[in-house]
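Each residue of the sequence shown is one higher than the last, beginning at 7 in our numbering. The beta carbon of each residue, even a glycine, is placed where N, CA and C say it ideally should be. Keep in mind it's a predicted model, so treat the numbers as computed, not measured.
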Amino acid sequence: MYAEGVAEMAGRIRDEDIALVRERTSIAEVISDTVTLKSAGGGNLKGLCPFHDEKSPSFNVSPARNVWYCFGCGAGGDAIKFLMDAEHLSFVESVERLADRAGLQLRYVEDDRSAPRNRSQQGQRQRLVAAHAAAVDFYRAQLSTAGARPAREFLARRGFDRAAAERYGCGFAPDAWDLLTKHLRQQGFTHDELVTAGLSRPARSGSLIDRFRRRLLWPIRDLTGDVIGFGARKLFDDDDGPKYLNTPETPIYKKSHVLYGIDQAKREIAKQGKVVVVEGYTDVMACHLAGVSTAVATCGTAFGADHIGVLRRLLLDTDAVAGEIIFTFDGDAAGQKAALRAFEDDQRFVGRTFIAVSPDNMDPCELRLAKGDLAVRDLVARREPLVDFALRHVINRYDLDTVDGRVEAMRRAAPLVAKIKDREKRPEYVRKLAGDLGMEIEPVQRAVLTAASGQPAGEPAAPARSGPAAPTVDSPQSMVEREALKLALQEPVLAGPMFDAVEAGEYRHPVHVAVRAAIATAGGAAAATGGAVWIEQVRDACDDLAGQALVGELAVEPLRIDGEPDPRYVTVTLAQLQWGSVTGRIKDLKSKIQRINPVSNKDEYFALFGELLSLEQHARALREQAAGGL
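Set out below in structure tokens:
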């Protein structure tokens, strides 16, 4: 649990430094590195949750309180918790990363041996990123040496000058076995760190040698701009290794998630609602330099579901906002196979998918070199829907001059039409397919319906929540209880004293009761100053799992008021809370009085009747208080 991470840190980073990191961190800026956020009203932001697949944004961020919460999966917390979940970091690593971002110097508490915390004890991710940053500087410097001439010539032949090489951090791994390894060891990086980072590997002798040798290098960055790996291109004929060699899987480099160029393209992708997926490092460079600033590429693996998740969050790919995903593939057999594989993944996008293939079967880098920047931009502009390309590719495999060829082509193409996610377009594609095959519409329509019948009817089911379900707001009393709790969590300085004065017994919903008890356990709203720390204190004090989820939800859910809350709104809300509870007790009391015989149980009857009169008087006062404040 999050609280355990905080406890683990107690003797490592000073508490006041952690608090300063929270204070100096803009949660919106941190999350925007991963998720495209749009205004949700009331100062809040929303986007697609990075922790589960969804078609409509349920991920909410409250910059005023520096907290986030997903109404879809129940995850939530502050900026530290977001990095822990999104980047799989420890609490230590998340704090250190945010401190670096804010330009803060952390102070570490001495350990049990009264020795200061040394660099090797710092968070693993921070150390691995630092090692890669040092490697980038080393490799870039090597690109200017005499031995790197083949690397410079390679770049020049592809139309990239020195400025382009510097923009993308291109470097050269020298013709030496352990030059980088020795350089990094001198800078204080350990044997284990270099192996874990994938920068060095053990030799048969047991010593360390460089992973990359005699190759042109591209640093691979994550969404935040940190270098997490390298791509290396073979330059010499006597190099018996693969044409491209990438960093192996490491704690910070996961090839199924990484997209080359994403750090430079992310803002334009979010701004334009468009992404161009190319096949290699030089293609990304060529596209960017030609004015196609939204280009990215995979790194040593096929484009897959995890890459789609990254792009959907940047595109804000939802039912309401449909982005464009444009694939560029070579026109050869391998390129066509990749395009068809992309069509299989098409259903994971809400937006429209396209393909752009050069008439001369040239990739973007070759096209720019042969015909200039405008040709690259035209290639993207001439894109066609991916489904059209896929249908044409399937049909072209059969002899349509024969009955058998037409029928077989129909059988193979019908499932593609059945997979089109926009159901309104299916009839048009049925007609188009029938025309392309030279067949009547009816048999083609039957084939598509048959193919579609094997798929689940209706829209895909909503993703399962990872945590316990939050309470349903199903009654006026439940709604007002929820509003009171929101005031205590979001506006404790304003609402705290009045909130704490209302007895916990006024709450009826069991999960609301648990949250109210957690607020009391955390010291009460009146003593809180608000913000992410207060939210975490309440969450940690809550023993109920559903209550823990609800705390994060209520921390970002807008109050039911236009404008800023004031003391009158707090008074009205708490009066309504008590009035609902009192009227409920009045109803129960009346029912009980009706079941009592006033003759044989006279004393009990009059005692209950007196209590009823008192409650009714209290209810009238609360009703007037609530109505008078509105």
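Item	Value
Whether cysteine 548 touches valine 539 by CB criterion (8 Å)	no
Exposure of arginine 574, with buried meaning 16 or more beta-carbon neighbours within 10 Å	exposed
Glutamate 285, DSSP secondary structure in three states	coil
When Arg163, Leu186, Asp546 and Lys598 are compared against tyrosine 145, the one with the closest alpha-carbon	Leu186
Identity of the residue in Pro391, Gln623 and Gly536 nearest serine 68 by Cα	Gly536
Pick from Pro370, Phe160, Lys272 and Ala308 that is closest to alanine 387, judged by C-alpha positions	Pro370
Own chain partners of tyrosine 513 with C-beta closer than 7 Å, once the 5 adjacent residues on each side are dropped	Glu487, Val519 and Arg522
Neighbourhood of lysine 261 by C-beta distance below 6 Å, restricted to the same chain and skipping five residues each side	Cys305, Gly306 and Thr307
Where isoleucine 19 sits in the DSSP three-state scheme	strand
Sub-8 Å separation of alanine 238 and leucine 222 beta-carbons	yes
Straight-line gap, isoleucine 599 to asparagine 607 (C-alpha atoms, nearest Å)	10 Å
Among Tyr266, Leu595, Glu559 and Pro604, the one whose alpha carbon lies nearest that of leucine 619	Leu595
Separation of valine 135 from proline 257, as counted between CA atoms	10 Å
Residue range of the alpha helix (DSSP H) that includes alanine 311	311-321
Nearest-angstrom beta carbon gap, glutamine 496 and leucine 583 [assumed within contact, 8 Å]	Between glutamine 496 and leucine 583 the Cβ distance is about 16 Å, and since that is not below 8 Å, they are no contact.
Spatial neighbours of alanine 81 in its chain, beta-carbon cut-off 6 Å, leaving aside the 5 residues before and after	Phe57
From Val517, Ile525 and Gln192, residue whose alpha carbon lies closest to that of proline 503	Ile525
Of the listed residues Gly231, Gly267 and Pro225, nearest to leucine 251 (C-alpha basis)	Pro225
Which of helix, strand or coil DSSP assigns to alanine 308	coil
Start and end residues, alpha helix (DSSP H) containing glycine 553	551-562
Chain-order list of residues whose beta-carbon lies under 7 Å from that of leucine 406 (same chain, five-residue window excluded)	Arg412, Ala415, Leu443 and Gly444
Residue range of the unbroken beta strand (DSSP E) whose run includes glutamate 330	330-334
Contact check, leucine 380 vs valine 316, beta carbons under 8 Å	no
Nonlocal neighbours in the same chain, by C-beta distance under 6 Å from aspartate 23, ignoring five residues either side	Leu112 and Arg113
Nearest residue (CA-CA) to glutamate 285, options Val363, Pro180 and Asp91	Val363
Aspartate 21 versus glycine 529: straight-line alpha-carbon distance, rounded	19 Å
C-alpha distance - isoleucine 331 paired with proline 391, whole-angstrom precision	10 Å
Proline 482 burial status per 10 Å Cβ neighbour count (16 or more: buried)	exposed
Residues near alanine 296 by beta carbon distance below 7 Å, same chain, minus five either side	Arg374, Asp379, Val382 and Arg383
Whole-Å CB distance - isoleucine 361 paired with arginine 318, under 8 Å assumed	Incorrect: roughly 18 Å between the Cβ atoms, too far for contact.
Close-in-space but distant-in-sequence residues of the same chain around aspartate 550 (CB under 6 Å, 5 per side omitted)	Ala520
Sequence-distant residues of its chain with Cβ nearer than 6 Å to proline 156 (five each side left out)	Leu241
Close Cβ partners of isoleucine 592 (< 8 Å) along its chain, the five nearest in sequence each way excluded	Leu618, Leu621, Glu622 and Ala625
Coil, strand or helix - aspartate 216 by DSSP	strand
Aspartate 245 beta carbon less than 8 Å from that of arginine 207	no
Of the listed residues Ala147, Ser459, Ala170 and Val400, nearest to glycine 177 (C-alpha basis)	Ala147
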